[in-house]
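Numbering (the numbering used here), first residue to last: -9 to 354. Before any comments, here is the structure.
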């Protein structure tokens, strides 16, 4: 997955009148936040801890009346686990198992952990599921589109084609019995598109074991995991105007995975491009702005990567999600039109606030 660079000028705040109006509303919203009675009782986090994991912000919040010492210990434990995952599995970590595989597996079988093997097999399943559109060997395309985002010029077709020749999950061989990996061609493995979901899976396991007596919310980039019964909500922002929201999911428990975050589009040669690449073509996916998916369960990988779903296209993604118990999703196409899927058994409810700007300013 290619994380694009967000340019402020893409947000529709360039007209003086619009800026003035929204600045005024921002001030009103700030006053509402500090005025007694304007916030629902118990709606504010009572303990917050932040860090940075897998190149995105990570936030731990509690609600109600938690023991602050217990809350901090829980946050420390979860963040320590997330840092372990990053250190041991991320592409950018110089001493990770991923780095070892990328350096050695082209000449020899490399032993890996059960954890690495499980994620690798999942990535290979996604590759088959998407017909090659999701591919963890995308590394050669990364510098091309990074430069394109910076220079505002499309990569040359020949450069794209050359990069595609160095991509292919079919060059990854696995020996599940011996727990070994080998590369039949010099490709680079990068499982970053799976690690955030895996972080949530591990965090949920910790929460189930510790059984905190207070509600917990975890954020990792644009993704959200909650534990403990309360009225949770996840606000879905407009893809090109971050000051407004399309609506919100209301639910009691579960997680939300999103392909959208702050970095959604880049403008190159006067055209907006998505931040997710179709690895079959080497170019950003077409007619796509964002995908936000609610899953009621976290255990046993009972969810799908939003990046993998995004490259499937709306029809195929919705067909797949329609078979998953309790799932719900909102797909925003390239024109900014929202399309919705809510399975009959989904506990999540979609709500479109009357005042979407203030709703967005008050946060998730």
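From the three backbone atoms N, C-alpha and C, an ideal C-beta is built for every residue, glycine too. Just so it is clear, the structure is predicted and the values come from calculations on it, not from any experiment.
Close Cβ partners of residue i (< 7 Å) along its chain, the five nearest in sequence each way excluded
| i | result |
| --- | --- |
| residue 341 | 237, 238, 240 |
| residue 153 | 130, 131, 134, 272 |
| residue 249 | 266, 280, 281, 296, 297, 300 |
Where residue i falls, given that 16 or more other Cβ within 10 Å makes a residue buried
| i | result |
| --- | --- |
| residue 227 | buried |
| residue 104 | exposed |
| residue 255 | buried |
| residue 309 | exposed |
| residue 106 | buried |
| residue 358 | Outside the shown range of the chain, which is -9 to 354, sits residue 358, and nothing can be said about it. |
| residue 334 | exposed |
| residue 361 | What the structure shows of the chain is the stretch from -9 to 354, and residue 361 is not part of that stretch, so it cannot be assessed. |
| residue 264 | buried |
CB of residue i within 8 Å of CB of residue j, strictly
| i | j | result |
| --- | --- | --- |
| residue 321 | residue 298 | no |
| residue 279 | residue 211 | no |
| residue 51 | residue 35 | yes |
| residue 190 | residue 56 | no |
| residue 302 | residue 331 | no |
| residue 173 | residue 96 | yes |
| residue 220 | residue 53 | yes |
| residue 128 | residue 267 | yes |
| residue 150 | residue 68 | no |
| residue 393 | residue 49 | As shown, the chain starts at -9 and ends at 354. That puts residue 393 outside it, with no answer to give. |
| residue 61 | residue 81 | no |
| residue 101 | residue 209 | no |
| residue 214 | residue 224 | yes |
| residue 157 | residue 179 | no |
Residue range of the unbroken alpha helix (DSSP H) whose run includes residue i
| i | result |
| --- | --- |
| residue 91 | 87 to 94 |
| residue 107 | 104 to 119 |
| residue 69 | 58 to 79 |
| residue 133 | 132 to 141 |
| residue 304 | 304 to 311 |
| residue 40 | From DSSP, residue 40 is part of no alpha helix (DSSP H) but of the beta strand (DSSP E) over 37 to 43. |
Proximal residues to residue i (C-beta, below 6 Å), its chain only, five neighbours per side dropped
| i | result |
| --- | --- |
| residue 27 | Confidence at residue 27 is low in this model, with a pLDDT of 31, below 50, so the placement of that residue is unreliable and no value is reported for it. |
| residue 71 | 192 |
| residue 175 | 161 |
| residue 318 | 284, 332, 336, 338 |
For residue i, the first and last residue of its enclosing beta strand (DSSP E)
| i | result |
| --- | --- |
| residue 213 | 213 to 217 |
| residue 183 | Segment 182 to 200 is the alpha helix (DSSP H) holding residue 183; no beta strand (DSSP E) there. |
| residue 341 | 339 to 341 |
| residue 165 | 162 to 165 |
For residue j and residue i, believed in contact at Cβ under 8 Å, the rounded distance
| i | j | result |
| --- | --- | --- |
| residue 65 | residue 269 | The pair is not a contact, with the Cβ atoms about 36 Å apart (cut-off 8 Å). |
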